[in-house]
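**Q**
2 protein chains.
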Amino acid sequence: MVLLRRELGDVLREERQHQGRTLREVSSSAAVSLGYLSEVERGEKEASSELLGSICGALGMPLSEVLREVSTRVAITESLTAPVTLPVAAASVVASAA
Amino acid sequence: MVLLRRELGDVLREERQHQGRTLREVSSSAAVSLGYLSEVERGEKEASSELLGSICGALGMPLSEVLREVSTRVAITESLTAPVTLPVAAASVVASAA
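Chains as they are written, first to last, in the numbering used here: chain V, 9 to 106; chain H, 9 to 106.
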């Protein structure tokens, strides 16, 4: 199962690192503890909606943008973990090409 | 502040109602308590990533799709609550039209 907190943590951490900022800076700006932010980034803790909003604010990234990015990543993971079904048409093409 | 759990709850409730299903049916299918699902739908409880995954599974709606819909709604709310700044060019047009 794709877990929201893992994908969310990845997006938040990558954005922070992209900005060249430390856990200490962002946690201070978001008024959350460094340990909490670290756990959220590692996908080990569910961020409450309020603290997620604070973290997004500290990163200067709208929540909608964070969620869109998370949605895109989750879609990729879903497509990788979905059972593969070969369409009949494609199978016929393969058969006739052989 | 836009709260993820409220927008998420709205999306999950509307999808369930769109399918014409009851809280009892979906909570049973997702193996979560009816009270929990009800609180999540009302935006009163943060859904854990695992239970959110179960609820999405019960609704037959990929998590990525739920998040994309939530992202769209959050973006609308953000645009409505953002401070309004009138661009200089637009202000000039208004001034010259007056």
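Ideal Cβ positions, reconstructed from N, Cα and C, are used throughout, including at glycine.
(1) Report the CB separation of H:E86 from V:S72 in whole angstroms; it is logged as a contact under 8 Å.
(2) Can you check whether the C-beta of V:M69 is within less than 8 Å of a C-beta belonging to chain H?
(3) Taking the C-alpha atoms as reference points, what is the distance between H:E47 and H:K53?
(4) Does DSSP classify V:E54 as helix, strand or coil?
(5) Compare the beta carbon distance of V:E15 and V:V82 with 8 Å and say whether it is the shorter of the two.
(6) Would you mind sorting H:L88 into buried or exposed? The rule is 16 or more other CB atoms within 10 Å of its CB.
(7) Find out if the Cβ-Cβ distance for the pair V:R13, V:G51 is shorter than 8 Å.
(8) With a threshold of 8 Å between beta carbons, is H:S79 in contact with chain V?
(9) H:S41 lies in the alpha helix (DSSP H); which residues open and close that run?
**A** Taking the coordinates as given:
(1) 6 Å
(2) no
(3) For H:E47 and H:K53, the distance between alpha carbons rounds to 5 Å.
(4) Reduced to three states, the DSSP call for V:E54 is coil.
(5) Yes; because the gap between Cβ atoms is below 8 Å, this pair is in contact.
(6) Taking a 10 Å sphere around the C-beta of H:L88, we find fewer than 16 other C-beta atoms and assign the residue as exposed.
(7) yes
(8) yes
(9) Run containing H:S41: none; DSSP gives neither H nor E here.
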